[in-house]
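Counted the way full-length UniProt numbering counts, the first sequence spans residues 1 to 239. C-beta: ideal position from N, C-alpha, C; glycine also.
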Amino acid sequence: MEDQAPRKVLPRLDESLLTHLPPFSKLDKRQIRTILDQATSRRYETGIAIFEEGHAAERFYMLLDGYVRVVRITPTGEQVTSLHIPAGQLIGIARALGRDTYPATAITAAECLALSWPMRLWDTFVAEYDGFATETYKTVGLRVGEMNTRIVEMATQQVEQRVANAILRLINQTGRKVADGIEIDFPITRQDLSELTATTLHTVSRLLSGWEKKGLVESKRKRIKVCDPHALVMLTQGA
DNA sequence: CCATTAATTACGA
DNA sequence: TCGTAATTAATGG
Numbered sequence: 001m002e003d004q005a006p007r008k009v010l011p012r013l014d015e016s017l018l019t020h021l022p023p024f025s026k027l028d029k030r031q032i033r034t035i036l037d038q039a040t041s042r043r044y045e046t047g048i049a050i051f052e053e054g055h056a057a058e059r060f061y062m063l064l065d066g067y068v069r070v071v072r073i074t075p076t077g078e079q080v081t082s083l084h085i086p087a088g089q090l091i092g093i094a095r096a097l098g099r100d101t102y103p104a105t106a107i108t109a110a111e112c113l114a115l116s117w118p119m120r121l122w123d124t125f126v127a128e129y130d131g132f133a134t135e136t137y138k139t140v141g142l143r144v145g146e147m148n149t150r151i152v153e154m155a156t157q158q159v160e161q162r163v164a165n166a167i168l169r170l171i172n173q174t175g176r177k178v179a180d181g182i183e184i185d186f187p188i189t190r191q192d193l194s195e196l197t198a199t200t201l202h203t204v205s206r207l208l209s210g211w212e213k214k215g216l217v218e219s220k221r222k223r224i225k226v227c228d229p230h231a232l233v234m235l236t237q238g239a
């Protein structure tokens, strides 16, 4: 809960961590080196906030491993998850949105590893590193688009369709192929899913039980596997 | 073992 | 569809 001593032990970060990630892929080794030397590396355990909505945006982050969910608290106090972000993306990029506070809270959905830099370096990165700006704005655009489709879904679709959609999106973005299906590769509860679809854990539980009986999905505690994605897609369309 | 947390189900607003 | 609550199951000391 407090700052453990910044590890001096940290062996110099390997350049290959960043070279293949979009915002940095056009940079040469020397530039990557400079960026890494300014970065702080930190591990986060599951379920903690990397940064919180409304707080001064002091740093921005590159998620190297794990998953985070982006969460907002409504005026009435409930949590609404707006999206999940997989490893390899920048988060906490308030500056790209012209803000000086974080617009949402980032909660680790699994164990995570992230690099971070002080926000004052943002302008430097944008100005000096080829491709950094265009790539990050590209992902910002994608995220905004995703949030929009979610809002449309919430307004136009039935609960069953929303939940089916949410699961499909999760397996598309963060799914892992397993023997007889695709599994969401971080722990996710009914509660989490309900926060993602603006419903209750009970409704989610019932839907999943029903789908499981029909062989569309399989789930154990905190684990959801989709056996028949196509059938799920059908559910999101007709019904 | 126990304590804690997740998931299921029935029932009523 | 949602919320309450009772019950059962799984997990981690």
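Query, Result
"Secondary structure of P103, DSSP reduced to three states", "coil"
"In chain order, each alpha helix (DSSP H) run of at least 4 residues that lies wholly inside the segment 122-186", "122-128, 132-156 and 159-174"
"For Q237 and T155, the rounded distance between their alpha carbons", "It is worth fixing the name first, because residue 155 is Ala in this sequence and not Thr. Each residue's Cα considered, the two are about 15 angstroms apart."
"Extent of the continuous alpha helix (DSSP H) to which D65 belongs", "Looking at the DSSP string, D65 is not in any alpha helix (DSSP H); the run it does join, the beta strand (DSSP E), is R59 to D65."
"DSSP state of R42 mapped onto helix, strand, coil", "strand"
"Close beta carbons around A104, own chain, < 7 angstroms, minus the five adjacent residues each side", "E53, V70, V71, R72 and S82"
"Y129 to E160 span [Cα, whole Å]", "45 angstroms"
"Residue burial classification, R162 (beta-carbon count within 10 angstroms, cutoff 16)", "buried"
"Extent of the continuous beta strand (DSSP E) to which A87 belongs", "Looking at the DSSP string, A87 is not in any beta strand (DSSP E), and its letter there is neither H nor E."
"Cutoff 6 angstroms; reference S194; Cβ partners in own chain excluding five residues on either side", "T200, L201 and V204"
"Nearest-angstrom Cα separation, counted from L17 out to T134", "20 angstroms"
"Close-in-space but distant-in-sequence residues of the same chain around K225 (CB under 6 angstroms, 5 per side omitted)", "G181, E183 and E218"
"Inter-residue spacing [alpha-carbon to alpha-carbon] between I85 and A114", "12 angstroms"
"Span of the alpha helix (DSSP H) around E53", "Premise fails: E53 is in no alpha helix (DSSP H) and is neither H nor E."
"Outcome for G66 when other beta-carbon atoms lying within 10 angstroms are tallied against a minimum of 16", "buried"
"Beta-carbon contacts of G77 that lie in its chain and below 7 angstroms, excluding the five residues immediately before and after", "none"
"First through last residue of the alpha helix (DSSP H) which encompasses E212", "L201 to K213"
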